[in-house]
Amino acid sequence: MSYCFILMECWRRSKCIIFHSYMTDSNIKASREPEGFYVWFGEGVVMESRGERSDVPMRMVVGETEIRLKQGDITREEVDAIVNAANSGLLGGGGVDGAIHRAGGPEIMEECRQIRARQGGCPTGKAVVTGAGKLKARYVIHAVGPVWRGGDGGEEELLRSAYRESLQRAAERQLQRIAFPSLSTGAYGYPVDKAAPVALSEVIRFLKEENHSLREVRFVLFNEETYQAYETALSRLKES
Ligand code: AR6
Numbered sequence: 002m003s004y005c006f007i008l009m010e011c012w013r014r015s016k017c018i019i020f021h022s023y024m025t026d027s028n029i030k031a032s033r034e035p036e037g038f039y040v041w042f043g044e045g046v047v048m049e050s051r052g053e054r055s056d057v058p059m060r061m062v063v064g065e066t067e068i069r070l071k072q073g074d075i076t077r078e079e080v081d082a083i084v085n086a087a088n089s090g091l092l093g094g095g096g097v098d099g100a101i102h103r104a105g106g107p108e109i110m111e112e113c114r115q116i117r118a119r120q121g122g123c124p125t126g127k128a129v130v131t132g133a134g135k136l137k138a139r140y141v142i143h144a145v146g147p148v149w150r151g152g153d154g155g156e157e158e159l160l161r162s163a164y165r166e167s168l169q170r171a172a173e174r175q176l177q178r179i180a181f182p183s184l185s186t187g188a189y190g191y192p193v194d195k196a197a198p199v200a201l202s203e204v205i206r207f208l209k210e211e212n213h214s215l216r217e218v219r220f221v222l223f224n225e226e227t228y229q230a231y232e233t234a235l236s237r238l239k240e241s
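Numbering (my numbering), first residue to last: 2 to 241.
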C-alpha cells in the first residue's frame, strides 16, 4: 500500500490530521475546517489522524448483517423493503408517511384500505406489509410507533415492538435489505436521543437472537440532528 493511499484514506476518514516533525520538534495540525486545507512535508514527518468524520457512513456488523446509518430521504432507497412511520388507521398523513404515499402512488393506499377492511387497521407496536407502488423498494412495511406521553405509558416497549415487528415481517418474506426511518420521533414526539438507543438496541438484539435472512439494516435519517443522535447511540452500543 502506498503512502499516498494511506494519507488519502486518513484524510477521508478523519476529522483532523496532525503532522509531527521530529526534525523541527513541532506539530502541525491540519484541520478539515476550512475544507481543503492541506499540509505536506518531506522527510522526517510522521502523520497522525484523529477523530472519525460523520460523513463517513457509520456501520456495525452483527453476524452476517450490517447496520448502516445514513442521512437522506427513505423514499429513494433501493432496498427490498422500506418501513413507514404509519398511524393505526393506515390513513396516511404527514412526515415520512406522506412522502411514501406521494412517491409510491395510490396503489399503496388502496392496499392499506384493504387491510383496514380486513382487520381494522394496525395497532400501535405492530406492522403490516403492502407493495411499494412506484418506489424502488419491493415492499412497504407500515409500522406504528407510540405517541410520546412522557415515557411512563409503555412507550419504550411499544417502540421496540414496532421495530421487532417490522423485522419479523421482513424475515417472513426472506428479505435481505430493509431501511428504517426514525419511528415516532416526528409528529409522535418521541425524543430522538431516547428513541435512537431503543431502535438500535432492538435491531441488534433481533439480529443476534432471531432467525432471519437480513444482510443489511439501513437507518435513513432525514436531518442532521436525527443522524447525530443515532450516530452517538451506535457509538455507545459498539463500545458496550
Ligand atoms: N425519509 C426519511 N425520514 C423522514 C422523511 C423521509 N422522506 N420524512 C420525514 N422523515 P414522522 P412519527 C423523518 O412524523 O413521529 C404521520 O402523519 C422525520 O424527520 O414521519 O412516527 C403518520 O401518518 C422524523 O425523524 O413519524 C402518523 O400519524 C421521522 O421521519 C404520524 O405522522 C419520523 O417522523 C407518525 O409520527
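Backbone N, C-alpha and C fix where the C-beta goes; we use that ideal spot for every residue, glycine too.
Rounding to the nearest angstrom, what Cα-Cα distance links residue 35 and residue 220 in this structure? To locate residue 35, count along the sequence shown from 1; it is residue 34. To locate residue 220, count along the sequence shown from 1; it is residue 219. Confidence at residue 35 is low in this model, with a pLDDT of 38, below 50, so the placement of that residue should be treated as unreliable; the coordinate-derived value is given next. Taking the straight line from one Cα to the other gives about 29 Å.
Alpha carbon to alpha carbon, how far is residue 243 from residue 108? This structure leaves residue 243 out entirely; the chain is present only between 2 and 241.
Residue 66 versus residue 217: straight-line alpha-carbon distance, rounded: As a working mapping, residue 66 is identified with position 65 in the sequence shown. As a working mapping, residue 217 is identified with position 216 in the sequence shown. For residue 66 and residue 217, the distance between alpha carbons rounds to 5 Å.
Give the list of continuous alpha helix (DSSP H) stretches no shorter than 4 residues that lie fully inside the stretch 65-129. 96-105 and 107-120
Indicate, with yes or no, if the ligand AR6 has a heavy atom lying under 6 Å from the CB of residue 97. Sequence index remark: in the sequence shown, residue 97 carries index 96 (1-based). Flag set: Cβ of residue 97 near the ligand AR6.
Exposed or buried, residue 146, counting other C-beta atoms within 10 Å across all chains shown (16 or more means buried)? Counting from 1 along the sequence shown, the entry for residue 146 is found at position 145. Residue 146 comes out buried.
In terms of DSSP beta bridges, what is residue 144 paired with? To locate residue 144, count along the sequence shown from 1; it is residue 143. For residue 144, which the question treats as bridged, DSSP gives the partners 86 and 128.
At a cut-off of 6 Å, would you count residue 74 as near the ligand AR6, judging by its Cβ distance to the nearest heavy atom? As a first step, residue 74 is located in the sequence shown; it is residue number 73 there, counting from the start. Yes, the ligand AR6 has a heavy atom inside 6 Å of this Cβ.
Distance between residue 139 and residue 209 (C-alpha atoms, nearest Å): What you label residue 209 is simply residue 208 of the sequence shown in a count that begins at 1. What you label residue 139 is simply residue 138 of the sequence shown in a count that begins at 1. Cα-Cα distance, rounded: 25 Å.
Between which residues of its own chain and residue 72 is the CB-CB distance below 6 Å, once the five residues before and five after are set aside? Residue numbering aside, residue 72 sits at position 71 when the sequence shown is read from its first letter. Contacts found: 222 and 228.
Is any heavy atom in the ligand AR6 found nearer than 6 Å to the beta carbon of residue 187? Numbered from 1 along the sequence shown, position 186 holds the residue referred to as residue 187. Yes; taking the cut-off as 6 Å, the Cβ of residue 187 has a heavy atom of the ligand AR6 nearer than that.
According to DSSP, what are the bridge partners of residue 222? Position 221 of the sequence shown holds residue 222. Answer by DSSP bridge pairing, in chain order: 72.
Close Cβ partners of residue 234 (< 6 Å) along its chain, the five nearest in sequence each way excluded: Your numbering for residue 234 matches position 233 in the sequence shown. So the list reads 197, 198 and 201, once near-sequence residues are dropped.
Have a look at the DSSP bridge pairing and note the partners of residue 1. With the chain covering 2 to 241 only, the question about residue 1 has no answer from this structure.
At least 3 beta-carbon pairs within less than 8 Å: the stretch 94-114 vs the stretch 68-83: yes
Out of 96, 90 and 125, which one is the CA nearest neighbour of residue 112? For the purposes of this step, residue 112 is taken as residue 111 along the sequence shown, with counting starting at 1. For the residues 96, 90 and 125, the minimum Cα distance to residue 112 belongs to 90.
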